[in-house]
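Right, one structure below, let's go through it.
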Amino acid sequence: MAKVAQKLRNVKQRNYLARDFDSFRSQLIEYARIFFPDKIQDFSEASLGGLLVDMAAMVGDTMSFYLDHQFNELDYNNATELSNIETHLNNAGVKVRGKAPASTFVKITFVVDSKQTSGQYAPDTNQLPKVLTGSTFRATNGTTFTTTEDIDFAKTDFLGELLAEIEIDSINSDGSPSTFKISRSAQAIAGKLVTETFSIPDSHVPFRTIALSNADVSAILSVFDSNKNSYYEVEDLSQDNVFKAVSTQAAADESQATSNLEVIPAPYRFTKSTSLITRLTTLRFGSGNAKSLQDNIINDPSDLALPLVGTTTFSKFSIDPNSLLNSNSLGVSPRGGTLTISYFAGGGLNTNVGSDAINQVIKLLTLIPSAATSTQVVSIRSSAKVTNTQPASGGDDALTIAALKGKIPSSQNSQNRIVTRQDLLARVYTLPSQFGRIYRAGVTPSLDNNLSSDLYIISRDSSGHLAAASDTLKLNLRRYLNEFRLISESIRIKDAKVINFGIEFTIRCAANANKIVTLQNVINDLSGLVDVSKFQVGEPIVESDIIFAILNSPGVQSLPSLKFLNFFGSQNEQEYSSEIFDVNANLMNGLVVPPQSSIFELKYIDTDIIGNVL
29 MAKVAQKLRN VKQRNYLARD FDSFRSQLIE YARIFFPDKI QDFSEASLGG
79 LLVDMAAMVG DTMSFYLDHQ FNELDYNNAT ELSNIETHLN NAGVKVRGKA
129 PASTFVKITF VVDSKQTSGQ YAPDTNQLPK VLTGSTFRAT NGTTFTTTED
179 IDFAKTDFLG ELLAEIEIDS INSDGSPSTF KISRSAQAIA GKLVTETFSI
229 PDSHVPFRTI ALSNADVSAI LSVFDSNKNS YYEVEDLSQD NVFKAVSTQA
279 AADESQATSN LEVIPAPYRF TKSTSLITRL TTLRFGSGNA KSLQDNIIND
329 PSDLALPLVG TTTFSKFSID PNSLLNSNSL GVSPRGGTLT ISYFAGGGLN
379 TNVGSDAINQ VIKLLTLIPS AATSTQVVSI RSSAKVTNTQ PASGGDDALT
429 IAALKGKIPS SQNSQNRIVT RQDLLARVYT LPSQFGRIYR AGVTPSLDNN
479 LSSDLYIISR DSSGHLAAAS DTLKLNLRRY LNEFRLISES IRIKDAKVIN
529 FGIEFTIRCA ANANKIVTLQ NVINDLSGLV DVSKFQVGEP IVESDIIFAI
579 LNSPGVQSLP SLKFLNFFGS QNEQEYSSEI FDVNANLMNG LVVPPQSSIF
629 ELKYIDTDII GNVL
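Structure (structure tokens):
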């Protein structure tokens with residue numbers, strides 16, 4: 029009995045709190061000395077006992093590390109593995125996208141002959157071309173822009189007047205017009221138009237997936253199989269219809285609506301997803317069999333019931349989910365033949381080119397009336413000129429991991445509608461990238477309308493500096509938000525005001541510190557702290573953060589002075605925003621609070637941080 033009691037006492041002395049190598053080793057040695065005192069007594073590092081204990085402790089330490097790591101991966105804030113982060117994003121409904129392309133309107137100009145009709149000179153209608161989608165142009169920095177719509181130069185309004193801009197190009201000896209310049213604008217986005225063809229085996233594969241070969245896919249233009257069946261992109265495979273824009277046929281409606289909106293069925297459909305790891309886009313199709321499309325679009329409810337097995341009673345009606353997957357209710361999967369996919373790829377900050385930067389015709393897809401002679405066709409095509417009267421905007425680099433994580437809370441709360449402020453901001457940042465990208469957005473209640481909200485947005489230019497969003501981007505955003513807002517509420521889109529600020533400080537260095545190195549270290553620390561990515565619309569400058577960063581920089585002994593500057597207009601041969609804001613006068617309780625419609629930007633790191641050393 030005494031031996032049993034002693035053994036029980038020894039067992040009670042065990043604990044399971046060891047988490048690292050040293051703790052594991054210490055407990056293993058103690059365990060061996062208690063239960064195996066006559067087996068091994070030497071546990072020094074050079075002994076056999078020490079080897080066995082070290083190996084066991086190493087295994088325990090490794091397993092403890094992996095356990096802690098996997099536990100941290102369960103929280104999206106602590107997750108570090110891309111595959112786990114991607115899972116968190118998918119569960120929250122956050123869409124991973126690549127680089128966003130800039131968009132703008134390109135003005136295309138042709139020269140055509142003059143023709144006299146009823147005593148009036150006008151462009152010869154037999155020479156008016158139609159520029160097709162996919163025509164490409166190049167900017168001065170090498171960025172390629174591709175048109176996204178057909179432009180018919182012969183199109184007229186309800187009065188019969190050409191919609192194109194017309195001006196005289198040359199005149200005859202008698203002063204009559206010889207040739208005319210005709211111009212129309214078309215929307216274009218940065219990137220290249222890619223067409224890929226895939227061979228599909230003649231076997232039914234539910235939820236077939238196809239990966240595209242190019243990264244940063246901004247838009248899928250068309251997907252059709254060898255039987256000319258068109259596949260449509262949907263949010264989820266349960267969505268069985270889509271909206272389609274159809275050109276307006278009535279000339280009288282052209283001024284009010286350029287397209288008719290139709291709802292069409294979409295038995296052939298797919299979803300699009302982008303991998304966080306590879307940035308490649310994958311298309312996922314439905315589960316039904318394309319060979320039996322007409323057989324089971326709508327399921328017979330009696331076929332969904334679970335059969336009774338081994339019993340004659342049941343409590344509730346239940347359905348077999350496999351019956352739904354085997355039907356065409358979630359769309360069909362392509363089978364046999366080929367699948368042709370056309371899409372846009374490309375984007376980034378460098379695609380935000382300035383005005384008149386797009387000036388080179390690369391590929392011009394045109395249709396010219398058959399009445400024009402071959403000589404005239406060559407002349408018309410060779411006369412093509414292009415430019416952009418407005419800067420391209422909306423281009424941006426792919427969102428960082430931190431930015432994607434930041435979207436998870438708002439995406440989890442959103443339910444595909446705009447009710448709260450958070451819903452609106454979350455929806456703004458989900459604007460499809462081919463329509464541009466909003467860099468920052470803020471929402472305030474409208475002062476003159478209780479049922480209206482003011483949405484302040486800002487974009488970026490090719491240098492990464494804040495810039496007002498273009499009219500095209502605003503129009504795209506307005507149309508997009510209208511699909512999700514409540515019918516009783518309105519959203520007014522406005523430009524967020526940019527307040528350019530600077531920092532001037534004086535430090536005292538430690539006696540043994542290099543003044544030049546210390547000052548440069550402080551500037552580097554501040555550069556990261558006040559980077560434009562750190563600010564949101566309406567977010568204040570926290571003075572204590574600035575002070576803490578300076579005083580904690582190596583070699584800094586004290587901070588005798590610190591003040592904030594406001595740069596506006598043209599100063600020191602550099603261009604700033606026109607917004608005047610007294611930063612120091614608005615410093616209260618350690619915060620510099622801007623108007624809710626404004627955002628802070630330290631524009632030029634090299635010059636707007638001014639440091640002095642005593």
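Numbering (the working numbering), first residue to last: 29 to 642. Every residue, glycine too, gets a C-beta built ideally from N, C-alpha and C. Bear in mind the structure is a predicted one, so any value in this text is a computation, not a measurement.
Straight-line Cα distance separating proline 623 from aspartate 178: 43 Å
Simplified DSSP assignment, three categories, for threonine 379: helix
Touch test, the stretch 490-504 against the stretch 535-551, Cβ-Cβ under 8 Å, three pairs minimum: no
Span of the beta strand (DSSP E) around arginine 506: Run containing arginine 506: none in the beta strand (DSSP E); it sits in the alpha helix (DSSP H), 499-510.
Own chain, CB closer than 8 Å to threonine 172, minus 5 neighbours either side, in chain order: Thr164, Phe165, Arg166, Ala218, Gly219, Lys220, Gly374 and Ile390
Cβ-based neighbour list, threonine 472, same chain, cut-off 6 Å, excluding 5 preceding and 5 following: Asp482 and Gln624
Through-space distance from glutamate 261 to leucine 452, alpha-carbon basis: 23 Å
For leucine 642, three-class secondary structure by DSSP: coil
Buried or exposed (CB count within 10 angstroms, at least 16 for buried), asparagine 416: buried
Residues near glutamate 629 in its chain [Cβ-Cβ closer than 6 Å; skip 5 each side]: Leu494, Val526, Asn528 and Val560
Straight-line gap, aspartate 636 to isoleucine 608 (C-alpha atoms, nearest Å): 16 Å
Threonine 302 and arginine 312 closer than 8 Å at C-beta: no
Secondary structure of proline 151, DSSP reduced to three states: strand
Burial state of serine 598 (16 or more Cβ within 10 Å): exposed
Inter-residue Cα distance where the pair is isoleucine 248 and serine 241: 13 Å
For isoleucine 527, the three-state DSSP class (helix, strand or coil): strand
Counted within 10 angstroms of its Cβ, other Cβ atoms place proline 65 as buried (16 or more) or exposed: exposed
Asparagine 477 burial status per 10 Å Cβ neighbour count (16 or more: buried): exposed
Distance, lysine 123 Cα to phenylalanine 646 Cα: The question about residue 646 has no answer, for the chain in this structure spans 29 to 642.
Residue of Ser146, Thr379, Glu73 and Gly556 minimising C-alpha distance to lysine 127: Thr379
is_contact[glutamine 267, chain B] using C-beta, thresh 8 Å: The structure shown contains no chain B; it is built from a single protein chain.
Residues near asparagine 317 in its chain [Cβ-Cβ closer than 6 Å; skip 5 each side]: His232
Where asparagine 504 falls, given that 16 or more other Cβ within 10 Å makes a residue buried: buried
Glutamate 114, buried or exposed, once every other Cβ within 10 Å from all chains shown has been counted against 16: buried
Spatially closest choice to leucine 479 from Glu517, Thr368, Leu509 and Ser490, by CA coordinates: Glu517
Start-end ranges of the alpha helix (DSSP H) lying completely within the stretch 377-424, minimum 4 residues: 402-410
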